[in-house]
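Protein sequences appear in the order of chains B and H.
Numbering-wise (my numbering), the first sequence opens with residue 1 and increments by one.
Numbering-wise (my numbering), the second sequence opens with residue 1 and increments by one.
Number of protein chains: 2
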Amino acid sequence: MTETAVGSSAVESAAALKAHPESKSQQAYAAVKARIVEGTYTPGYRLVLAKIAEDLGFSVVPVREAIRRLEAEGLVKFERNVGATVSGIDPTEYLYTMQTLSIVEGAATALSAPLIDSIAIARARAVNQEMRECLEHFDPVRFTALNQDFHSVLFEHCPNPHILDLVHRGWNRLASLRSSTFRFVPGRAQESVREHEALLQLIEGGADADTIEKAARQHRAATLDAYLSTTN
Amino acid sequence: MTETAVGSSAVESAAALKAHPESKSQQAYAAVKARIVEGTYTPGYRLVLAKIAEDLGFSVVPVREAIRRLEAEGLVKFERNVGATVSGIDPTEYLYTMQTLSIVEGAATALSAPLIDSIAIARARAVNQEMRECLEHFDPVRFTALNQDFHSVLFEHCPNPHILDLVHRGWNRLASLRSSTFRFVPGRAQESVREHEALLQLIEGGADADTIEKAARQHRAATLDAYLSTTN
DNA sequence: TTCATAGTTATCGTATACGATTTCGTACTT
DNA sequence: AAGTACGAAATCGTATACGATAACTATGAA
Numbered sequence: 001m002t003e004t005a006v007g008s009s010a011v012e013s014a015a016a017l018k019a020h021p022e023s024k025s026q027q028a029y030a031a032v033k034a035r036i037v038e039g040t041y042t043p044g045y046r047l048v049l050a051k052i053a054e055d056l057g058f059s060v061v062p063v064r065e066a067i068r069r070l071e072a073e074g075l076v077k078f079e080r081n082v083g084a085t086v087s088g089i090d091p092t093e094y095l096y097t098m099q100t101l102s103i104v105e106g107a108a109t110a111l112s113a114p115l116i117d118s119i120a121i122a123r124a125r126a127v128n129q130e131m132r133e134c135l136e137h138f139d140p141v142r143f144t145a146l147n148q149d150f151h152s153v154l155f156e157h158c159p160n161p162h163i164l165d166l167v168h169r170g171w172n173r174l175a176s177l178r179s180s181t182f183r184f185v186p187g188r189a190q191e192s193v194r195e196h197e198a199l200l201q202l203i204e205g206g207a208d209a210d211t212i213e214k215a216a217r218q219h220r221a222a223t224l225d226a227y228l229s230t231t232n
Numbered sequence: 001m002t003e004t005a006v007g008s009s010a011v012e013s014a015a016a017l018k019a020h021p022e023s024k025s026q027q028a029y030a031a032v033k034a035r036i037v038e039g040t041y042t043p044g045y046r047l048v049l050a051k052i053a054e055d056l057g058f059s060v061v062p063v064r065e066a067i068r069r070l071e072a073e074g075l076v077k078f079e080r081n082v083g084a085t086v087s088g089i090d091p092t093e094y095l096y097t098m099q100t101l102s103i104v105e106g107a108a109t110a111l112s113a114p115l116i117d118s119i120a121i122a123r124a125r126a127v128n129q130e131m132r133e134c135l136e137h138f139d140p141v142r143f144t145a146l147n148q149d150f151h152s153v154l155f156e157h158c159p160n161p162h163i164l165d166l167v168h169r170g171w172n173r174l175a176s177l178r179s180s181t182f183r184f185v186p187g188r189a190q191e192s193v194r195e196h197e198a199l200l201q202l203i204e205g206g207a208d209a210d211t212i213e214k215a216a217r218q219h220r221a222a223t224l225d226a227y228l229s230t231t232n
């Protein structure tokens, strides 16, 4: 587990089924996205079409298309006759993204809850345990990845792929902000791990959808609150 | 009021501010989107790049880019070496879209509620009154447009543009299904108008966010339920 | 020294061209 | 008559080329 770049799963798995060589625009999309999510291209980074095209070894047209797609996902900003830059670390954007995530993650969790079996719960617990260990060794990068894994386990049988897609977009958006000021408010991580366990117990106990949704939403919202409290 | 095509408002208004002539890919995007939303291109319609390019009077590259953008919004399906078609009327997709809409509309309404003033409430009531009249004259197309207007008034000061964007995407998605089997379950429209009034009263009365969110969510969900009950 | 302006460079935007892939029709075989 | 294989047409995918726009720089005047 612990894959970092989370993609529009539906699209990508469909593409994988066809034994087709990936189109170059597809490749360019994946490549640039990966660089943004990994942090090679940090926010504000100037994405020059010709340069990227040369790097990847093909022409500008597919690259252009890829950039446009990333723009639609909010990962890059594209200005006419000026060019593309990796989307910024505007605190307001962070707030919007986190708030939206709290809503869609809450919904995704509530919808998935009735479909989660005990095996998945056990796996989620194992991931959460790993997260605890990360805290001891202070490994924030892995912690974040595991956090996504934890929720991914819960979302495995999410009955609505659209909502799942929105979750993934949010995650990617946040990933592009890596190593910005928006991470690791002291103490929040510990609390987060505790909330995970509480969430699992709610699911195990067959709590009603509304309770689970509120808990999951609050889980994300608390991280946002923790950040906000540090700045004010 | 009563504009039909709802766009990523942030992007479009920004583009409007620059006195720039719209780029051709932008024009192509708007044009094709409009045709889909208006119903000129119905689901399943084959979008041949060269043909569209000729119609619009420019080359295929910008058209291609536009189609890709529409793909990202879910309005068209693009298959490699085969081409683009207007996204289909799969009942499952309808369910996904409506369910997602119920969630994001619910959230958008709850977030907006505290910011809605009495003038806006009055305007919303006026729109709702028009909707009643539409029911008498049986004008479903206008009814749908007014329905969007009603909610748009409520969302005018929505503090989170991301969520608003998701709402708009959902609306566009549904619009592309116009004149499909997914509309106008008998009696549902009347109920919808009543629910609008109830929603306004909740907002006026300063109901708490949770109550408003549930009401708004249920309002959309009920339409979905009405559809589902007709098929089973 | 600072500001305005003109010219240069970098970069984007789009058209055209051609190769690759798919689809569809037709002829041939069983 | 039905199915298969082959070939032609349609369509997509990408490269290259060139025009348009904006950013930058240098030069001159106040």
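Idealized CB from N, CA, C, for every residue including glycine.
Nothing here was measured: the structure is a model prediction, and the numbers come from that model.
| Query | Result |
| --- | --- |
| Just confirm the distance between the C-beta atoms of residue 29 of chain B and residue 64 of chain B, as a whole number of angstroms; I'd bet it's less than 8 Å. | No, residue 29 of chain B and residue 64 of chain B are not in contact; Cβ-Cβ is about 11 Å, not under 8 Å. |
| For the segment 50-64 of chain H and the segment 93-101 of chain H, state whether three or more C-beta atom pairs, one from each stretch, are separated by less than 8 Å. | no |
| Tell me whether residue 81 of chain H is buried or exposed, calling it buried when 16 or more other Cβ atoms sit within 10 Å of its Cβ. | exposed |
| Taking only beta-carbon atoms, is residue 114 of chain H less than 9 Å away from chain B? | no |
| Hey, is residue 209 of chain B's beta-carbon within less than 9 Å of any beta-carbon in chain H? | no |
| What is the C-beta distance between residue 66 of chain B and residue 32 of chain B, in whole angstroms, given that I count them as a contact (C-beta under 8 Å)? | 6 Å |
| Which class does residue 68 of chain B belong to by DSSP, given the choice of helix, strand or coil? | helix |
| Return yes when the Cβ of residue 61 of chain H is within less than 9 Å of the Cβ of residue 61 of chain B, no when it is not. | yes |
| How about residue 44 of chain B: is its Cβ closer than 8 Å to a heavy atom in the ligand ATP? | Here there are no bound small molecules, and the ligand ATP is not part of this structure. |
| Quick check: what's the CA-CA separation for residue 77 of chain B versus residue 88 of chain B? | 8 Å |
| What is the rounded straight-line gap between the Cα of residue 179 of chain H and the Cα of residue 163 of chain B? | Low per-residue confidence applies at residue 179 of chain H: pLDDT is 48, beneath 50, and the placement is therefore not dependable, though the value from the model is reported in the following sentence. Cα to Cα, residue 179 of chain H sits roughly 25 Å from residue 163 of chain B. |
| Looking only at its chain, what residues have a beta carbon closer than 7 Å to the beta carbon of residue 156 of chain H, apart from the 5 residues adjacent to it on each side? | 120 |
| Quick check for students: name the residue ranges of the beta strand (DSSP E) that lie wholly in the segment 37-98 of chain H, counting only runs of 3 or more. | 76-79 and 83-86 |
| Measure the Cβ-Cβ separation of residue 35 of chain B and residue 106 of chain B and say whether it is below 9 Å. | no |
| Nearest to residue 59 of chain H by CA position, among H:85, H:73 and H:23, is which residue? | H:23 |
| If we define contact as Cβ-Cβ less than 9 Å, is residue 162 of chain H a contact residue for chain B? | yes |
| So residue 223 of chain H packs on residue 176 of chain H, CB below 8 Å; how close in whole Å? | In fact, because the Cβ distance is near 17 Å, the residues do not count as touching under 8 Å. |
| If you count every other CB in all the chains shown that lies within 10 Å of the CB of residue 109 of chain B, and 16 or more means buried, which is it? | buried |
| Pick helix, strand or coil for residue 185 of chain B, following the three-state DSSP scheme. | coil |
| Alpha carbon to alpha carbon, how far is residue 205 of chain B from residue 74 of chain B? Give it in angstroms, no decimals. | 38 Å |
| Residue 97 of chain B and residue 44 of chain B look like a contact to me (Cβ under 8 Å); what is the Cβ gap, rounded to whole Å? | Actually they do not touch by this definition, with Cβ atoms about 17 Å apart. |
| In chain order, what residues of the segment 57-71 of chain B put their CB closer than 8 Å to some CB of chain H? | 61, 64, 65, 68 and 69 |
| Is there at least one Cβ from chain H nearer than 9 Å to residue 73 of chain B's Cβ? | yes |
| DSSP three-state label for residue 159 of chain B, please. | coil |
| Quick one: what does DSSP say residue 139 of chain B is sitting in, helix, strand or coil? | coil |
| Beta-carbon of residue 127 of chain H versus every beta-carbon of chain B: anything under 9 Å? | no |
| Show which residues of chain B have a CB atom less than 7 Å away from the CB atom of residue 212 of chain H. | The contacting residues do not exist; residue 212 of chain H stays about 14 Å from chain B at best. |
| Tell me whether residue 130 of chain B is buried or exposed, calling it buried when 16 or more other Cβ atoms sit within 10 Å of its Cβ. | buried |
| Work out the CA separation of residue 99 of chain B and residue 210 of chain H for me, nearest whole Å. | 15 Å |
| Nearest chain B C-beta to residue 84 of chain H closer than 9 Å, yes or no? | no |
| For residue 146 of chain H, tell me which candidate among H:158, H:161 and H:196 has the shortest Cα-Cα distance. | H:196 |
| Spatial neighbours of residue 226 of chain B within its chain, please: CB distance less than 7 Å, with the 5 preceding and 5 following residues excluded, ordered by chain position. | 185 and 188 |
| Check the Cβ-Cβ distances between residue 174 of chain H and every residue of chain B, and say whether any is below 9 Å. | no |
| Going along chain H, which residues have a C-beta under 8 Å from residue 103 of chain B? | 103, 104, 107 and 163 |
| Taking only the alpha-carbon atoms, compute the straight-line gap between residue 134 of chain B and residue 199 of chain H and give it to the nearest angstrom. | 47 Å |
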